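J.:
Next comes the structure, spelled out in structure tokens:
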């Protein structure tokens, strides 16, 4: 079964600094990977998804992620953090028997200080 | 309309009450989902409806009863809940079941407290 691992339950950055949130996947076949963001007391919003068309995926709000098969990784980055980026970020993988199940990582809380 | 709406936003109920959560989407999506999310945890899948038929039940206790009256509407009926059922209940929808890159769109959730 597919799974994802997010390293670091909390990441703290200063405003304007690089954001790097880590996600590693476990899959014997090409995975279907997603990054979602959850602001306090809200639902989840899709940031980006890996579709195998390109290894570098650009998403909303200036985020991007690079798929690296050799490292089984799909890390999320943003060149310059903004205070409004403070939220919980979830990496997720879709199962490939029906594509109906999303399996989420444990999440990483991004803290942005002025 | 690219939204998934959920009502109510907050719900407090006793263990003997019967209540329902409602979810609606008007994007023409044919798959709808219920998730449960405890504090500081990722969402956990409960049910999946595919073309208005229940396709996945993740061994959820029978005190949770889903219903999909039509392709736009999804309900979750609650009865005899326990305090540990207190959580954020999220609804999601996706365009078509069984398709690759089947991204799910989430509603804002219903915050449920069981006393």
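Chains as they are written, first to last, in my numbering: chain D, 1 to 114; chain W, 1001 to 1115. Cβ coordinates follow ideal geometry from the N, Cα and C atoms, glycine included. In this text, all values refer to a predicted model and were calculated from it rather than measured experimentally.
Put residue 1055 of chain W into one of helix, strand or coil per three-state DSSP.
T.: Here the question's residue 1055 of chain W lines up with position 55 in the second chain. Residue state, collapsed to three classes: strand.
J.: Residues of chain W with CB closer than 7 Å to the CB of residue 2 of chain D, please, in chain order.
T.: Within the first chain, numbered from 1, the residue matching residue 2 of chain D stands at position 2. The contacting residues do not exist; residue 2 of chain D stays about 13 Å from chain W at best.
J.: Suppose the cutoff is 6 Å on Cβ atoms and the five residues either side in sequence are ignored; what does the same chain contact list for residue 1095 of chain W look like?
T.: Position 95 of the second chain holds residue 1095 of chain W. Cβ within range, chain order: 1029.
J.: Which ranges does the beta strand (DSSP E) cover as unbroken runs of at least 3 residues, wholly within the region 17–56 of chain D, from first to last along the chain?
T.: Counting whole runs of 3 or more residues, the region 17–56 of chain D contains the beta strand (DSSP E) stretches 19–21, 24–26, 32–38, 44–49.
J.: Does any C-beta atom of chain A lie closer than 8 Å to the C-beta of residue 55 of chain D?
T.: Of the protein chains in the structure, D and W, none is chain A.
J.: CA-CA distance, residue 67 of chain D and residue 56 of chain D?
T.: The residue labelled residue 67 of chain D in the question sits at position 67 within the first chain. The residue labelled residue 56 of chain D in the question sits at position 56 within the first chain. Answer to the nearest angstrom: the Cα atoms are 6 Å apart.
J.: Assuming residue 1063 of chain W contacts residue 1081 of chain W under a Cβ cut-off of 8 Å, what Cβ separation, rounded to an integer in Å, is found between them?
T.: Taking the second chain and counting its residues from 1, the one referred to as residue 1063 of chain W is at position 63. Taking the second chain and counting its residues from 1, the one referred to as residue 1081 of chain W is at position 81. Going by Cβ atoms, the distance from residue 1063 of chain W to residue 1081 of chain W rounds to 6 Å, so yes, they are a contact pair.
J.: Taking C-beta to C-beta, are residue 62 of chain D and residue 78 of chain D nearer than 8 Å?
T.: In the first chain, the residue the question calls residue 62 of chain D occupies position 62. In the first chain, the residue the question calls residue 78 of chain D occupies position 78. Going by C-beta atoms, residue 62 of chain D is nearer than 8 Å to residue 78 of chain D.
J.: Using a Cβ-Cβ cut-off of less than 9 Å, give me the residues of the region 29–54 of chain D that come near chain W, in sequence order.
T.: Cβ contacts with chain W: 32, 34, 36, 38, 41, 42, 43, 44, 45, 46, 49, 50, 51, 52.
J.: To be precise: take each residue of the region 57–72 of chain D, compare its Cβ to all Cβ atoms of chain W, and keep it if any distance is under 8 Å. Which residues remain?
T.: Answer set for the region 57–72 of chain D: empty.
J.: Where does residue 68 of chain D fall in DSSP's three states?
T.: As a first step, residue 68 of chain D must be located in the first chain, where it is residue number 68. Strand at residue 68 of chain D.
J.: Is residue 106 of chain D close to chain W? Criterion is C-beta to C-beta, closer than 8 Å.
T.: Here residue 106 of chain D refers to the residue found at position 106 of the first chain. Answer yes: the Cβ-Cβ gap between residue 106 of chain D and chain W drops below 8 Å somewhere.
J.: Per the contact definition of three or more C-beta pairs closer than 8 Å, is the region 1012–1021 of chain W in contact with the region 21–40 of chain D?
T.: No: fewer than three Cβ pairs fall under 8 Å.
J.: Closer than 8 Å, Cβ to Cβ, to anything on chain D: give me those residues from the region 1050–1070 of chain W, in chain order.
T.: Residues 1050, 1055, 1056.
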